[in-house]
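S.K.: Structure incoming, see below.
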Amino acid sequence: MSGHGPAIPMTARKSVALRGVAEIPGDKSISHRALILGALSVGETHVTGLLEGQDVLDTATAMRAFGAEVIQNGPGDWTVHGVGVGGFREPDCVIDCGNSGTGVRLIMGAMATTDITATFTGDASLNKRPMGRITDPLAQFGAQAFGRKGGRLPMTVIGAPDPVPARYKVPMPSAQVKSAVLLAGLNAPGQTVVIESEPTRDHSERMLRGFGAEITVADTDEGRVITLTGQPELRGQSVTVPRDPSSAAFPVCAALMVPDSDILVPGVSQNPTRNGIFITLQEMGADLVMENPREEGGEPVADLRVRFSALKGVEVPPERAASMIDEYPVLSALAATAEGVTIMRGVKELRVKESDRLDAMARGLEACGVRVEETEDSLTVYGMGTGSVPGGATVQTHLDHRIAMSFLCLGLATQKPVTVDDGTPIATSFPAFEGLMADLGAQITRSNR
Numbered sequence: 003m004s005g006h007g008p009a010i011p012m013t014a015r016k017s018v019a020l021r022g023v024a025e026i027p028g029d030k031s032i033s034h035r036a037l038i039l040g041a042l043s044v045g046e047t048h049v050t051g052l053l054e055g056q057d058v059l060d061t062a063t064a065m066r067a068f069g070a071e072v073i074q075n076g077p078g079d080w081t082v083h084g085v086g087v088g089g090f091r092e093p094d095c096v097i098d099c100g101n102s103g104t105g106v107r108l109i110m111g112a113m114a115t116t117d118i119t120a121t122f123t124g125d126a127s128l129n130k131r132p133m134g135r136i137t138d139p140l141a142q143f144g145a146q147a148f149g150r151k152g153g154r155l156p157m158t159v160i161g162a163p164d165p166v167p168a169r170y171k172v173p174m175p176s177a178q179v180k181s182a183v184l185l186a187g188l189n190a191p192g193q194t195v196v197i198e199s200e201p202t203r204d205h206s207e208r209m210l211r212g213f214g215a216e217i218t219v220a221d222t223d224e225g226r227v228i229t230l231t232g233q234p235e236l237r238g239q240s241v242t243v244p245r246d247p248s249s250a251a252f253p254v255c256a257a258l259m260v261p262d263s264d265i266l267v268p269g270v271s272q273n274p275t276r277n278g279i280f281i282t283l284q285e286m287g288a289d290l291v292m293e294n295p296r297e298e299g300g301e302p303v304a305d306l307r308v309r310f311s312a313l314k315g316v317e318v319p320p321e322r323a324a325s326m327i328d329e330y331p332v333l334s335a336l337a338a339t340a341e342g343v344t345i346m347r348g349v350k351e352l353r354v355k356e357s358d359r360l361d362a363m364a365r366g367l368e369a370c371g372v373r374v375e376e377t378e379d380s381l382t383v384y385g386m387g388t389g390s391v392p393g394g395a396t397v398q399t400h401l402d403h404r405i406a407m408s409f410l411c412l413g414l415a416t417q418k419p420v421t422v423d424d425g426t427p428i429a430t431s432f433p434a435f436e437g438l439m440a441d442l443g444a445q446i447t448r449s450n451r
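Add 2 to the 1-based position in the sequence shown for our numbering, that's all there is to it.
In structure tokens, the structure reads:
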């Protein structure tokens, strides 16, 4: 929701060993897509394991506004009765996507080739984020968009009355842009082609195929070429949402920071377009083992066994950024407790997330006594070793859930407590974070101003 209530500061203190099982919620990216594709299908889609964070709930509300019947049967158990490709009705109200860049960009794509008009808004953070990267390719289909200066929300999108297919090369690694174009291509005749120079998370391609779309993926000299045949009849499906690797990264990294920790994180997605963080942690020397590998809902998953480890700094290759872009904040926090230097390059995309995450992490780490170097496209963290980070700071989160959780994890391993100015944004993606961490033994408290 676009309204933001009173700030609730939260403080993390040096913790005893974390122990137990961390039941991570469902994957946010897949949850968004399950609701949207269910709404664009004919018949019933049954979703289990849906993430019930505010971002996904806002997408559910949006799908109702476009005419789909979306029902919550129980915790994580949802049913969507869709309207079919091209069947969206014009909403009677402004579509409020809260804090979710994924939600607003995918929904814009899904409605851009239907002859309807919709106005989108969000919270203070989302309304600062650039939408031109979405509206520019959607214009190739015949859609129009009118927003604030700089292509920002609130924004009105007028769907194409006579859509044409598009061929679009994504100028930056972005699964949101790719997915928006593919969703727009569903209601355009002929073939829509998306070309990406670096592979990004492929949940949209997998799910489109699962719902009955004709889609091919080919690696060529030009890049990864994704071709979608428009105007299919998507059929409702049963979707089991795997557990979110981005959310799993927080307890995983916390356990690696806090001495003597030993936790199990079951059923986490191991999609190769999302597992860059786990590869990086193992390169740093993490005692991180993937147990019981299997497939759930068309996605590879595994149980993660994580034990405290004395880590070493590494250089993360820039080509890995697309597979772990949301995990760099918590990796930066973890790097502060490692021995040696960790260098993260090719990460300028972090500057246009819920906040400028490069700047937010750099300033927060400096406040905690950690030396960093920041460029437009990189962050270097000079690790201080286990138990050596001073802490004792209040960090500005800029309404960013991942900044808040990253510094709360760091505070479990610093000499003095670390406070974040506002923990309320955590509910957008990981509402169970506070309780889950407490069950593992983490010392995290909140206070109302």
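C-beta atoms are modelled at their ideal positions from N, C-alpha and C, and glycine is treated no differently. No experiment lies behind these values; they were computed from the predicted model shown.
Spatial neighbours of E235 within its chain, please: CB distance less than 8 Å, with the 5 preceding and 5 following residues excluded, ordered by chain position.
M.R.: What you label residue 235 is simply residue 233 of the sequence shown in a count that begins at 1. Hits under 8 Å: V44, G86, V87 and G214.
S.K.: So, using beta-carbon positions, are I136 and F90 closer together than 8 Å?
M.R.: To locate residue 136, count along the sequence shown from 1; it is residue 134. To locate residue 90, count along the sequence shown from 1; it is residue 88. Cβ distance not < 8 Å, so I136 and F90 don't count as in contact.
S.K.: So, with DSSP's three-state summary, where would you put H400?
M.R.: By 1-based counting over the sequence shown, the position of residue 400 is 398. Three-state result, H400: coil.
S.K.: What is the DSSP secondary structure of F435, reduced to helix, strand or coil?
M.R.: Position 433 of the sequence shown, counting from 1, holds the residue named residue 435. Reduced to three states, the DSSP call for F435 is helix.
S.K.: Can you give the Cα-Cα distance for M3 and G437, rounded to whole angstroms?
M.R.: Reading the sequence shown from its first residue, position 1 is the one you call residue 3. Reading the sequence shown from its first residue, position 435 is the one you call residue 437. Interpretation of M3 is limited by its pLDDT of 42, a score under 50 that renders its predicted location unreliable; no figure is taken from the coordinates.
S.K.: Where do the ends of the alpha helix (DSSP H) carrying M363 lie?
M.R.: Taking the sequence shown and counting its residues from 1, the one referred to as residue 363 is at position 361. Per DSSP, M363 belongs to the alpha helix (DSSP H) from R359 to A369.
S.K.: Measuring CA to CA, which of L401, P27 and C255 is closest to P77?
M.R.: In the sequence shown, the residue the question calls residue 77 occupies position 75. That would be P27, whose Cα lies nearest to the Cα of P77.
S.K.: Name the residue from S248, D138 and T344 whose alpha carbon lies nearest to the alpha carbon of A324.
M.R.: As a position in the sequence shown, residue 324 is number 322, starting the count at 1. Looking at the Cα atoms, S248 is the closest of the given residues.
S.K.: Per DSSP, what kind of secondary structure is K418 in: helix, strand or coil?
M.R.: Within the sequence shown, residue 418 is the residue found at index 416, counting from 1. Strand, per DSSP.
S.K.: Whole alpha helix (DSSP H) runs in the stretch 166-209 with 4 or more residues, listed along the chain?
M.R.: 177-187
S.K.: Measure the CB-CB distance between K418 and G394 and report whether it falls below 8 Å.
M.R.: Locating residue 418 in the sequence shown gives position 416, where the first residue counts as 1. Locating residue 394 in the sequence shown gives position 392, where the first residue counts as 1. Their beta carbons are under 8 Å apart, which means K418 touches G394 by this criterion.
S.K.: Who are the near neighbours of Q398 in its chain, counting only those whose CB is closer than 6 Å to its CB and skipping five residues on each side?
M.R.: Taking the sequence shown and counting its residues from 1, the one referred to as residue 398 is at position 396. The beta carbon of Q398 sits closer than 6 Å to the beta carbons of D423 from its chain, once the five residues preceding and following it are set aside; these are given in chain order.
S.K.: Cβ of L401 within 8 Å of Cβ of A14?
M.R.: Position 399 of the sequence shown holds residue 401. Position 12 of the sequence shown holds residue 14. Their beta carbons are not under 8 Å apart, which means L401 does not touch A14 by this criterion.
S.K.: For A147 and E54, I'd like the C-alpha separation in whole angstroms.
M.R.: Numbered from 1 along the sequence shown, position 145 holds the residue referred to as residue 147. Numbered from 1 along the sequence shown, position 52 holds the residue referred to as residue 54. Approximately 30 Å between the Cα atoms of the pair.
S.K.: In whole angstroms, what separates the C-alpha of A112 from that of I38?
M.R.: Translated into the one-based positions of the sequence shown, residue 112 becomes position 110. Translated into the one-based positions of the sequence shown, residue 38 becomes position 36. Cα to Cα, the separation comes out at about 8 Å.
S.K.: Decide if the stretch 256-267 is in contact with the stretch 302-315; the criterion is three or more beta carbon pairs, one per stretch, under 8 Å apart.
M.R.: yes
S.K.: What residues match up with V159 in a beta bridge as DSSP calls it?
M.R.: Translated into positions along the sequence shown, residue 159 becomes position 157. DSSP lists A120 and A147 as partners of V159.
S.K.: Quick one: Cα of C95 to Cα of G69, how far?
M.R.: As a first step, residue 95 is located in the sequence shown; it is residue number 93 there, counting from the start. As a first step, residue 69 is located in the sequence shown; it is residue number 67 there, counting from the start. Roughly 12 Å separates the two Cα atoms.
S.K.: Does Q233 come out as helix, strand or coil in the three-state DSSP assignment?
M.R.: Counting from one through the sequence shown, the residue named residue 233 turns up at place 231. It is coil, neither helix nor strand.
S.K.: Is M292 helix, strand or coil by DSSP?
M.R.: In the sequence shown, residue 292 corresponds to position 290, counting from 1. Reduced to three states, the DSSP call for M292 is strand.
S.K.: Take the Cβ of G387 as the centre, count every other Cβ of all protein chains shown within 10 Å, and call the residue buried at 16 or more, exposed below.
M.R.: Residue 387 sits at position 385 when you count from the first residue of the sequence shown. Exposed.
S.K.: Mind reading off the beta-carbon distance from F435 to F252? Whole number of angstroms is fine, and I expect it under 8 Å.
M.R.: Residue numbering aside, residue 435 sits at position 433 when the sequence shown is read from its first letter. Residue numbering aside, residue 252 sits at position 250 when the sequence shown is read from its first letter. The Cβ separation is near 7 Å, so the contact holds.
S.K.: Buried or exposed, going by whether 16 or more other CB atoms sit within 10 Å of the CB of I73?
M.R.: As a first step, residue 73 must be located in the sequence shown, where it is residue number 71. By the neighbour-count rule (16 or more Cβ atoms within 10 Å), I73 is not buried but exposed.
S.K.: Buried or exposed, going by whether 16 or more other CB atoms sit within 10 Å of the CB of E207?
M.R.: Counting from one through the sequence shown, the residue named residue 207 turns up at place 205. When all chains shown are included, E207 counts as buried.
S.K.: Just to confirm the assignment, what range does the alpha helix (DSSP H) spanning I281 have?
M.R.: If you number the sequence shown from 1, residue 281 lands on position 279. Start and end: G278 to E285.
S.K.: Out of curiosity, what's the CA-to-CA distance linking A141 and Y170?
M.R.: Here residue 141 refers to the residue found at position 139 when the sequence shown is read from its first residue. Here residue 170 refers to the residue found at position 168 when the sequence shown is read from its first residue. Taking the straight line from one Cα to the other gives about 11 Å.
S.K.: Which of the three DSSP states, helix, strand or coil, is assigned to M133?
M.R.: Position 131 of the sequence shown, counting from 1, holds the residue named residue 133. The answer is coil: DSSP assigns M133 none of H, G, I, E or B.
S.K.: Just verifying my parser: in three-state terms, what is the DSSP assignment at S240?
M.R.: Within the sequence shown, residue 240 is the residue found at index 238, counting from 1. DSSP, reduced to helix, strand and coil, places S240 within a strand of the structure shown.
S.K.: Checking the sheet assignment: what are the DSSP bridge partners for T50?
M.R.: Indexing the sequence shown from 1 puts residue 50 at position 48. Per DSSP, D79 and T242.
S.K.: Tell me whether the beta-carbon of V172 lies closer than 8 Å to the beta-carbon of V196.
M.R.: On the sequence shown, position 170 is the one that residue 172 refers to. On the sequence shown, position 194 is the one that residue 196 refers to. Taking 8 Å as the Cβ cut-off, V172 and V196 qualify as a contacting pair.
S.K.: Please classify S199: is it buried, with 16 or more other beta-carbons within 10 angstroms of its beta-carbon, or exposed?
M.R.: Here residue 199 is taken as the residue at index 197 of the sequence shown, counted from 1. Exposed, by the Cβ-count rule.
S.K.: Need the endpoints of the beta strand (DSSP E) that S271 sits in, please.
M.R.: By 1-based counting over the sequence shown, the position of residue 271 is 269. Segment D264 to S271, the beta strand (DSSP E) holding S271.
S.K.: Counting along the chain, where does the beta strand (DSSP E) carrying L381 start and finish?
M.R.: As a position in the sequence shown, residue 381 is number 379, starting the count at 1. From DSSP, the beta strand (DSSP E) with L381 extends over S380 to M386.
S.K.: By Cβ distance, which residues of its chain are closer than 7 Å to D489, with the 5 residues on each side in sequence left out?
M.R.: The structure shown has nothing for residue 489, since the chain only spans 3 to 451.
S.K.: Could you give the DSSP three-state label for K314: helix, strand or coil?
M.R.: Taking the sequence shown and counting its residues from 1, one reaches residue 314 at position 312. Looking at K314 - three-state DSSP - the assignment turns out to be strand.
S.K.: Give the DSSP-derived three-state secondary structure of V106 in the structure shown.
M.R.: Translated into positions along the sequence shown, residue 106 becomes position 104. Three-state result, V106: helix.
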